[in-house]
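One structure is given here, and the rest of the page talks about it.
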Amino acid sequence: MAVVLERGRGQKRHLDGKRAHVTRGLAGGWTVVSLEDGGSVKWRTGHWQEEGAEPPAAKKTASEPAAALILSLADDQLRDIARQLDTPSVCSYLCASQRFAALEAGSCFGECHLRDGLPSGYGVAKCKQLAFARFLAAKHAKLHSLHVDMGRGDVTVLRLLLQECDTRELTTAQIRVEGARYGQMTRCSGVVIDWSTVHLDQSNPADTLLAEVGSEVKVDTKATITGVLAQFCPALRTLSLIYQGGDAEDVPSLGAIKSLHRLEVNLGEVCRPTSPQTLTPQC
Amino acid sequence: LARCAVQPRHRPSRHNVEASDPLPQADDANYLADELPQLTHLSLLGGVQGTLFGGRLDLTSNSLQVIDITKASKMLTFDSLDCPALREIRCRDFSFYGNGLMPAPPRAGLQDGWGLGWWHSRYRDDLTEDDLNLPCAFAKVMRSGRSGSLVELPEQCAVIWEVDEHRGQAGLGSSAVWATPTTTVADFLSRVDSGQLYGVAAFPRFPETAV
Numbered sequence: 707m708a709v710v711l712e713r714g715r716g717q718k719r720h721l722d723g724k725r726a727h728v729t730r731g732l733a734g735g736w737t738v739v740s741l742e743d744g745g746s747v748k749w750r751t752g753h754w755q756e757e758g759a760e761p762p763a764a765k766k767t768a769s770e771p772a773a774a775l776i777l778s779l780a781d782d783q784l785r786d787i788a789r790q791l792d793t794p795s796v797c798s799y800l801c802a803s804q805r806f807a808a809l810e811a812g813s814c815f816g817e818c819h820l821r822d823g824l825p826s827g828y829g830v831a832k833c834k835q836l837a838f839a840r841f842l843a844a845k846h847a848k849l850h851s852l853h854v855d856m857g858r859g860d861v862t863v864l865r866l867l868l869q870e871c872d873t874r875e876l877t878t879a880q881i882r883v884e885g886a887r888y889g890q891m892t893r894c895s896g897v898v899i900d901w902s903t904v905h906l907d908q909s910n911p912a913d914t915l916l917a918e919v920g921s922e923v924k925v926d927t928k929a930t931i932t933g934v935l936a937q938f939c940p941a942l943r944t945l946s947l948i949y950q951g952g953d954a955e956d957v958p959s960l961g962a963i964k965s966l967h968r969l970e971v972n973l974g975e976v977c978r979p980t981s982p983q984t985l986t987p988q989c
Numbered sequence: 002l003a004r005c006a007v008q009p010r011h012r013p014s015r016h017n018v019e020a021s022d023p024l025p026q027a028d029d030a031n032y033l034a035d036e037l038p039q040l041t042h043l044s045l046l047g048g049v050q051g052t053l054f055g056g057r058l059d060l061t062s063n064s065l066q067v068i069d070i071t072k073a074s075k076m077l078t079f080d081s082l083d084c085p086a087l088r089e090i091r092c093r094d095f096s097f098y099g100n101g102l103m104p105a106p107p108r109a110g111l112q113d114g115w116g117l118g119w120w121h122s123r124y125r126d127d128l129t130e131d132d133l134n135l136p137c138a139f140a141k142v143m144r145s146g147r148s149g150s151l152v153e154l155p156e157q158c159a160v161i162w163e164v165d166e167h168r169g170q171a172g173l174g175s176s177a178v179w180a181t182p183t184t185t186v187a188d189f190l191s192r193v194d195s196g197q198l199y200g201v202a203a204f205p206r207f208p209e210t211a212v
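Which chain is which? The protein sequence lines are D and P, in order. Counting from 707, one number per residue, gives the positions in the first sequence under the numbering used here. Counting from 2, one number per residue, gives the positions in the second sequence under the numbering used here.
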């Protein structure tokens, strides 16, 4: 079958629009396609246009009558609907409506879920998470809940989010910090990371990207996760803070979030009296 | 150790605080229970090999209702609990990876320790009728696998020992067992035998955020 490739991501993006032949299917929704200019590549099944098929717009309109119906709604109505949806549903809804004009106010996002490990189609796609976070920050979105999976180096993104968004009513936060230097939102944002030097903590293009985000962070914004939560989240009631590579780093800031009702966290320090007279803290 | 031994208990340690702003307590969990006046649920993480291994919690809080250390280090236990509103302590099971509290023997001289403690069917013959009618007491876990000194709990507080999920999947154990300070030893033993499920719906776990 002769096809024209589309919706390529990352390093395969440059193959969009190229002609190819579908060779064989693979497991997990992938297919091997032979490029007309030589070579073959693994491609997501269906992310192509068959040559001679009807134009995409007409096809979508015919197969997605709900989308056509949504398109007939006014922006205010779209915003009202989006306000009632959780974030994954909002994303599906946006895919269907293709009406980003309704998002100009940025007010429909009450939740920010930048998560790893979700099946394709749920949540914000990894490659869009960093851009989505910056979008929310630019729009000063009013957040009610936050769920972020990130690497050690991605704290800058969280700092920017909490600094710029309206977090006066943010009540729930779940934050997982990987032991890895970069989380999925940085790894998949399109920058090329030199993995041979990552463990040496040498500068990477990803750091340039994060520095660009960091340039928008104010000097008086706290540096640690708990510090920035204490600074900007006066109504935080539920906090789950999972450090996969260690323990909470700034416990005094955590103790400053007086509104907390539920807390789930790694804590490290403990002091063990080995005898009535001698204390041997294991710190 | 020598360096640590000379440090006062309330030193600021590795936290990002000014030297002039010392922590009121060195232990993080104790500090937070003290500092957060509205805290009702405290869940400690870190895994069995976490840094709290063998640690002692000394919690004082008027608001704390639920303490969950099922995902925290093995042998993490309590020195004392001054939490009048406490209604639930969740800890690991009676295996060598256990933590929290363990049921104290009704009297001295009974078989102690995890796995084959005094509650095991092998040692039931050692229990007298008087032993069976006594209320349960709770003791801190010790590295030796034997129970340590007793820990006082509020009357309404249930201690729940959760069966390790891998053991559960392997069919080696069933469900959680629980007891309160008013539970008799006989009732506790019957729960051990039946692996009675605790009312999870009545005491929901830490809420999962909707996907």
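All C-beta atoms, glycine included, are put in the ideal place defined by N, C-alpha and C.
C-beta contact flag for residue i and residue j at 8 Å
i: G920 (chain D); j: R887 (chain D); result: no
i: L46 (chain P); j: E970 (chain D); result: yes
i: T873 (chain D); j: C818 (chain D); result: no
i: C137 (chain P); j: L87 (chain P); result: no
i: Q142 (chain P); j: S148 (chain P); result: With the sequence shown as reference, residue 142 (chain P) is identified as Val, and Gln is not the correct amino acid for it. Cβ atoms of V142 (chain P) and S148 (chain P): closer than 8 Å.
i: D876 (chain D); j: L849 (chain D); result: Checking the displayed sequence, the identity of residue 876 (chain D) turns out to be Leu instead of Asp. Taking 8 Å as the Cβ cut-off, L876 (chain D) and L849 (chain D) qualify as a contacting pair.
i: R865 (chain D); j: V923 (chain D); result: yes
i: A912 (chain D); j: T932 (chain D); result: no
i: V152 (chain P); j: L102 (chain P); result: yes
i: L65 (chain P); j: L40 (chain P); result: yes
i: G99 (chain P); j: K72 (chain P); result: no
i: L867 (chain D); j: A839 (chain D); result: yes
i: L135 (chain P); j: V178 (chain P); result: no
i: F139 (chain P); j: P104 (chain P); result: yes
Closer than 9 Å at the beta carbon, the chain P residues around residue i
i: H967 (chain D); result: L37, Q39, L40, T41, H42, S64
i: R970 (chain D); result: Sequence check: residue 970 (chain D) is Glu here, not Arg. By Cβ distance, chain P contributes H42, L43, S44, L45, L46, D69, K72, F207.
i: K964 (chain D); result: E36, L37, P38, Q39
i: L784 (chain D); result: Going along chain P, no residue has its Cβ under 9 Å from L784 (chain D), so there is no contact; the nearest lies around 22 Å.
i: I948 (chain D); result: L46
i: V830 (chain D); result: Correct list: empty, because the minimum Cβ distance to chain P is about 12 Å.
Interface residues of chain D facing residue i [CB-CB closer than 7 Å]
i: L151 (chain P); result: In chain order: nothing, as chain D lies at least about 18 Å away.
i: A30 (chain P); result: L973
Limits of the unbroken alpha helix (DSSP H) element including residue i
i: G920 (chain D); result: 911-920
i: T751 (chain D); result: From DSSP, T751 (chain D) is part of no alpha helix (DSSP H); its letter is neither H nor E.
i: C92 (chain P); result: Not the alpha helix (DSSP H): C92 (chain P) falls in the beta strand (DSSP E), residues 89-93.
i: T892 (chain D); result: 890-893
i: V861 (chain D); result: 861-870
i: Y32 (chain P); result: 29-36
i: S959 (chain D); result: 957-961
i: R840 (chain D); result: 832-844
Endpoints, the beta strand (DSSP E) within which residue i is located
i: T737 (chain D); result: 736-741
i: R968 (chain D); result: 968-972
i: G723 (chain D); result: Where G723 (chain D) is concerned, there is no enclosing beta strand (DSSP E), given that its DSSP letter is neither H nor E.
i: I68 (chain P); result: 67-69
i: E163 (chain P); result: 159-163
i: A180 (chain P); result: 178-180
i: S851 (chain D); result: 851-856
i: Y98 (chain P); result: Y98 (chain P) -> no beta strand (DSSP E), and no H or E assigned at all.
i: G714 (chain D); result: Taken as a continuous stretch (DSSP letters only), G714 (chain D) belongs to no beta strand (DSSP E), as it is neither H nor E.
i: F189 (chain P); result: Where F189 (chain P) is concerned, there is no enclosing beta strand (DSSP E), although the alpha helix (DSSP H) it sits in stretches over 186-195.
i: S122 (chain P); result: Segment: none, S122 (chain P) is in no beta strand (DSSP E) and carries neither H nor E.
Listed by chain order, chain D residues near residue i by CB distance under 9 Å
i: G51 (chain P); result: D953, N972, L973, G974
i: D83 (chain P); result: In chain order: nothing, as chain D lies at least about 18 Å away.
Whole-number beta carbon distance between residue j and residue i, since they are thought to touch under 8 Å
i: V957 (chain D); j: L43 (chain P); result: Not a contact, Cβ separation roughly 13 Å.
i: V738 (chain D); j: L732 (chain D); result: 6 Å
i: R91 (chain P); j: D69 (chain P); result: 4 Å
i: V854 (chain D); j: I881 (chain D); result: 5 Å
i: L836 (chain D); j: M891 (chain D); result: 5 Å
i: V728 (chain D); j: V709 (chain D); result: 6 Å
i: K928 (chain D); j: S965 (chain D); result: About 17 Å; that fails the 8 Å criterion.
i: R57 (chain P); j: D35 (chain P); result: With 8 Å as the limit, R57 (chain P) and D35 (chain P) do not qualify as a contact, their Cβ atoms being about 15 Å apart.
i: A30 (chain P); j: L945 (chain D); result: That belief does not hold up - the Cβ atoms of A30 (chain P) and L945 (chain D) are roughly 14 Å apart, past 8 Å.
Contact list for residue i against chain P, beta-carbon separation under 7 Å
i: L960 (chain D); result: L33
i: I787 (chain D); result: By Cβ distance, chain P contributes nothing, its closest Cβ being about 18 Å from I787 (chain D), past 7 Å.
Contact test: residue i Cβ vs the ligand SAH heavy atom, cutoff 7 Å
i: D743 (chain D); result: The ligand SAH is not part of this structure, which contains no ligands at all.
C-beta neighbour in chain B for residue i, strict 8 Å
i: V957 (chain D); result: Chain labels in this structure do not include chain B; the protein chains are D and P.
Taking any Cβ of chain D, which residues in the stretch 122-138 of chain P have a Cβ under 9 Å from it, in chain order?
Listed by position, the residues of the stretch 122-138 of chain P near chain D (Cβ gap below 9 Å) amount to none.
Of the residues that make up the stretch 855-889 of chain D, which ones have a beta carbon closer than 8 Å to any beta carbon in chain P?
Within the stretch 855-889 of chain D, the qualifying residues are T878, Q880.
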